[in-house]
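Chemist:
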Amino acid sequence: MFMYAPNDLYLHAVRVPGDASDAADLTRCEMQGRADAWLMFERWKANVPGFEDSFFNMASPYIGVRETRRLVGRHVLTESDCLEGRKFEDAVATGCWYLDVHPQDVTKNSAWHEEPKFPEPYDISYQTLQPKTLNNLLVAGRCHSATAKAAGSSRVTVTAMALGQAAGLAAALAVEGKGSTGELSGVLVRRRLESQHAGPWVEPA
Ligand SMILES: Cc1cc2nc3c(=O)[nH]c(=O)nc-3n(C[C@H](O)[C@H](O)[C@H](O)COP(=O)(O)OP(=O)(O)OC[C@H]3O[C@@H](n4cnc5c(N)ncnc54)[C@H](O)[C@@H]3O)c2cc1C
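Just so we're aligned, residue 59 is where the sequence shown starts under my numbering, counting upward by one.
See below:
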């Protein structure tokens, strides 16, 4: 729950497990989410002191999707890469969010079945943006190459932005060198990001 104004309560409360890569199932989730939100509101209004005169102000314009398909790249970021802080010479971004993996079923009294794991800041390799077989394509953001557990951390907005910046810069470097993003060295991408005060976080000496 968050309060944006003294009488304005935002409830981050409804979660619907489903398969968002299936249009029919996504529609079912959208309808279920709205029904759950209204049910919750009606129960609160009827039973929770202070909510007698409340009204439903707004809900999200459409259901948010955390994950669907992801790339299988030249490197697949894993849970142990994150938790053990594996170093990559060609790191182009840093992940630092916890492994925020949402269960695909109903949980009671908690958002998770077990407490999430919190990694130290970890490296994300350029190779997680590169498809295994296609030579001149980069896949940035939450659909980069990572296992479901690792993506629970690397999918968040700040990391997605850093991966997007790395992909954009790599594309420009490939054009500049008249080559492809597949042939480009991730170490070079890292160096150029660093020269722009971007790229992976490095622990001060
Ligand atoms: C309920 C929920 C809560 C979340 N909470 C947090 C949080 O607290 N903190 C956090 O950091 N992250 C949170 N996230 C995760 C985060 O929002 C996403 O993982 C992140 O925004 C992914 O960024 P992206 O750039 O990879 O993808 P997106 O933000 O989805 O960007 C992809 C863009 O591509 C556009 N697009 C799609 N197809 C086409 C096409 N054919 N042509 C042109 N454009 C197209 C889409 O419209 C979209 O704008 C949450 C996600 C959800 C669903």
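For each residue, glycine too, the CB sits at the ideal point set by N, CA and C.
Measuring alpha carbon to alpha carbon, tell me which of 198, 104 and 230 ends up nearest residue 215.
Modeler: Sequence index remark: in the sequence shown, residue 215 carries index 157 (1-based). With distances taken between Cα atoms, residue 215 lies closest to 198.
Chemist: What would DSSP say about residue 112, mapped onto helix, strand or coil?
Modeler: Along the sequence shown, one-based indexing puts residue 112 at 54. DSSP places residue 112 in coil when its eight states are reduced to three.
Chemist: Spell out the partners DSSP gives residue 151 in its beta bridges.
Modeler: Reading the sequence shown from its first residue, position 93 is the one you call residue 151. Residue 151 pairs with 182.
Chemist: Ignore the nearest five residues each way along the sequence and tell me which others in residue 232's own chain have a CB closer than 6 Å to its CB.
Modeler: Numbered from its first residue, the sequence shown carries residue 232 at position 174. Excluding residues within five positions, the ones whose Cβ falls inside 6 Å are 238, 239 and 242.
Chemist: Give every residue of the same chain whose Cβ lies closer than 7 Å to the Cβ of residue 139, excluding the five residues on either side of it in the sequence, and list them in chain order.
Modeler: Here residue 139 is taken as the residue at index 81 of the sequence shown, counted from 1. Contacts found: 180 and 208.
Chemist: Cα-Cα, which of 157, 166, 87 and 234 is closest to residue 120?
Modeler: Residue numbering aside, residue 120 sits at position 62 when the sequence shown is read from its first letter. The residue with the shortest Cα to Cα distance from residue 120 is 87.
Chemist: Tell me whether residue 229 counts as near ligand 1, meaning its Cβ is closer than 6 Å to at least one heavy atom of that ligand.
Modeler: Taking the sequence shown and counting its residues from 1, one reaches residue 229 at position 171. The answer is no for residue 229.
Chemist: Evaluate residue 184 with the Cβ neighbour count: other Cβ atoms within 10 Å of its Cβ, from every protein chain shown; 16 or more gives buried, anything less gives exposed.
Modeler: In the sequence shown, residue 184 corresponds to position 126, counting from 1. Buried: at least 16 other Cβ atoms inside 10 Å.
Chemist: Distance check for residue 187 and residue 226, CA to CA, integer angstroms please.
Modeler: Sequence index remark: in the sequence shown, residue 226 carries index 168 (1-based). Sequence index remark: in the sequence shown, residue 187 carries index 129 (1-based). If I take the Cα positions, the gap works out to 11 Å.
Chemist: Comparing alpha-carbon positions, which option in 81, 101, 67 and 93 lies nearest residue 73?
Modeler: As a position in the sequence shown, residue 73 is number 15, starting the count at 1. Residue 93 is the option with its Cα nearest to residue 73.
Chemist: How is the beta strand (DSSP E) around residue 67 delimited, first residue to last?
Modeler: If you number the sequence shown from 1, residue 67 lands on position 9. Run containing residue 67: 66-68, per the beta strand (DSSP E) assignment.
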